[in-house]
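The listed protein sequences correspond, in order, to chains C and W. For the first sequence, the numbering used here gives the first residue as 5, with consecutive numbering after it. For the second sequence, the numbering used here gives the first residue as 31, with consecutive numbering after it. C-beta atoms are modelled at their ideal positions from N, C-alpha and C, and glycine is treated no differently. Have a look at the structure below, then the notes.
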Amino acid sequence: MNWRRALYNASPWITTIAFFLVWEAVCRVFHVPTFLLPAPSDSIRAMIESWSGIWPNAQHTLITTLAGFGIAVVFGVVLGVAVGASPLLYKSINPLLIGFNSIPKVAVVPVLVLWFGIGTPPAIITAFLVAFFPISVNVATGIATTEPELEDVLRSLGASKLDILYRVGLPRSLPYFFASLKIAITLAFVGAVISETVAANQGIGYLMLTASSTFRVPLVFAALFVIAGMGIVMYAVTAAFERRYTTWTTRGIDRSTPFGGG
Amino acid sequence: MMATATAPISSDPSARDGAAFVHVEGASLHYGGGDDGVLALKDTDLDIRRGEFAAVVGPSGCGKSTLLKLISGLNRPSAGRVVVDGALVTRPLKIVGMAFQNPAMLPWRTTLENLLLPLQVVEPHRRNFRRDRDKFIEKASALLRKVGLAGAESRYPWQLSGGMLQRASLCRALIHDPQILLLDEPFGALDAFTREELWDTLKTLWQEQKFTVLLVTHDLAEAVYLADTVHVFSNRPGRVLYSCNVEFAAPKNVDIRFSKEFVDYVHELRARIRVERAVL
């Protein structure tokens, strides 16, 4: 019983380590050239050697991502509440929203560069553009699925739409909101890095682009690891927020461990 | 005042003297616009005395719930009128408590906090909520004790059984001392034993607090057991086909349900509904 529990808790670490071991083994056994696929050990060596170059860029990307994510949260919540509370608004802007979300954001970056120039602003805006959609969709769903019975109970007492939104709609959409944050933060990273690889002069995406143009492939992978690491940390932070504020959804049992052995 | 119904109304002078507490007259309700809309109610007449326990039975989907929405002021009739306590109903009444088959408790609130919800919304309590909070909590606890939920105050809805949830839902409907309690098949999803327990809970509350009840149900025994007056609704578009006063020589208790008198009432109602279903 105990070792089962231990295995369960250790499983994310075991899987991750096994993944890298297999990767390492494949590269060594088949003598895969480093400029095609560097072994994890090569990438880690490159990471250590070039840390002074990686870290400022990583910080820059992190700040860019968080800025875009922050705007996405504010805008996404406002839009989600409005759309969820008003069926008319939902119906009228739905086609626009879906159409907009279908556009690959990498295609928008050149336009953003045209408007804002090369650098941080297009990256922030791209991160925002990719991240707000899941937030508004989820918040809107949470609000729009308020039980009609409850609405009747409150309306018969003279509650306004705003009262119902405040007492029922918003609290009930919280778990949806936090679930969407986990998706949105990873998407924001994707957006920021995409924009940096297309048009920037700093950031981890820019670093990858310059590294790959000089065939320093281990450095490219080192940058990828850094992005993945930052993504995991940010995911864990939002997951922790989720657990903190919506304990009632898990009925008091802590079932959501972010990524590691609780 | 009671307009024409297809079946003779059994005699009850107070229901006809124009002083009915709830007075529905020729009410129709058309959902949706134009020709695609649904006519849920047509020319419905209904009177309920103050303090009366009325029940509405009928085939499913016949507009019984729509009637509740009209009386509570959630919807306005497309034709006819609804008068409660001498005033035309034009908007939500605030003197109404409602409970449904779905207890619809807020999962992030404890039972006690769920009970307080109406007080946070309805005037004048909402204005004084902070000041009177302790008083309200005491009141909610007393109500919970009365329905057999003592000790459930700090428990969450998912920690309660279906019957307990429905008791809590009744309490929530009554916390602001409504004058009218509107019940839409509140016991429909419960098992037989729990349902019978809740019948008595509801009856006790009604006898103590003397509010007016309109119960929508498809359970004829429930209607006869609880109500003073039972109204049979027609198929959609719904209207009242037949009304009868339920009167027993002895006080109603659990055993009366096996008496001949009781069974006769149920049979009579069933026959009326069967005729109506046959038209389908």
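H206/W carries a coil assignment under DSSP once its states are collapsed to helix, strand and coil. Neighbours of P137/W in chain C, taken as residues at a C-beta separation under 7 angstroms, are given in chain order as W252. Under DSSP, the beta-bridge partners assigned to N275/W are T259/W.
By a beta-carbon distance limit of 8 angstroms, G110/W does not contact R266/W. Their separation comes to about 17 angstroms. For T242/W, the closest of A172/W, S289/W, L204/W, V305/W by C-alpha to C-alpha distance is L204/W.
Proximity of the segment 122 to 136 of chain C to the segment 69 to 84 of chain C meets the contact definition, three or more beta-carbon pairs being nearer than 8 angstroms.
Y61/W has V68/W as its beta-bridge partners, per DSSP. Sequence-ordered contacts of the segment 95 to 128 of chain W with chain C read L98, K99, S102, G103, L104, R121, P122, L123, K124, V126, G127, M128 [C-beta pairs closer than 9 angstroms]. Within the segment 173 to 221 of chain C, the complete alpha helix (DSSP H) segments at least 4 residues long are 174 to 202, 208 to 217, listed from N- to C-terminus.
Excluding five sequence positions before and after I58/C, the CB atoms of its chain that fall closer than 7 angstroms to its own CB belong to M51, L211, A226, A227, V230, given in chain order. Using a CB distance cut-off of 9 angstroms, V143/C does not count as an interface residue toward chain W. In the displayed model, V119/W falls within coil according to three-state DSSP, outside both helix and strand. With the rule of 3 Cβ pairs closer than 8 angstroms, the segment 90 to 101 of chain C does not count as touching the segment 189 to 199 of chain C. In the same chain as A279/W, and ignoring 5 residues on each side of it, no C-beta atom comes closer than 7 angstroms to its own. Counting of Cβ neighbours within 10 angstroms places A172/W among the exposed residues, the total staying below 16.
Only E151, E153, L154, D156, V157, L158, R159 from the segment 143 to 159 of chain C bring a Cβ to less than 8 angstroms from some Cβ of chain W.
Three or more beta-carbon pairs separated by less than 8 angstroms link the segment 251 to 261 of chain W to the segment 285 to 304 of chain W, which places the two stretches in contact. Within chain C, the residues E151, E153, L154, V157 have their CB atoms less than 8 angstroms from the CB of A134/W, given in chain order.
Listed along the chain, the chain W residues whose CB falls inside 8 angstroms of the CB of P175/C are L136, W138. Note: M128/W is bridge-paired with L212/W in the DSSP secondary-structure output.
A Cβ-Cβ distance of about 6 angstroms is found for the pair R176/C and T150/C, placing them in contact under the 8 angstroms criterion.
In this structure L244/W is not in contact with I125/W, their Cβ atoms being roughly 13 angstroms apart against a cut-off of 8 angstroms.
By the criterion of a C-beta distance shorter than 8 angstroms, L220/W is surrounded in its chain by G192, G193, Q196, L228, once the five residues flanking it on both sides are discounted. For V246/W, the enclosing beta strand (DSSP E) starts and ends at 242 to 247.
By the criterion of a C-beta distance shorter than 6 angstroms, G209/C is surrounded in its chain by V197, E200, T201, once the five residues flanking it on both sides are discounted. In the structure shown, R111/W falls within a strand segment according to DSSP collapsed to helix, strand and coil. Contact between L145/W and R202/W holds, since their C-beta atoms are separated by about 5 angstroms, short of 8 angstroms. H206/W has a beta carbon lying within less than 9 angstroms of a beta carbon in chain C. For G178/W, the closest alpha carbon among the candidates K165/W, I167/W, L232/W is that of L232/W.
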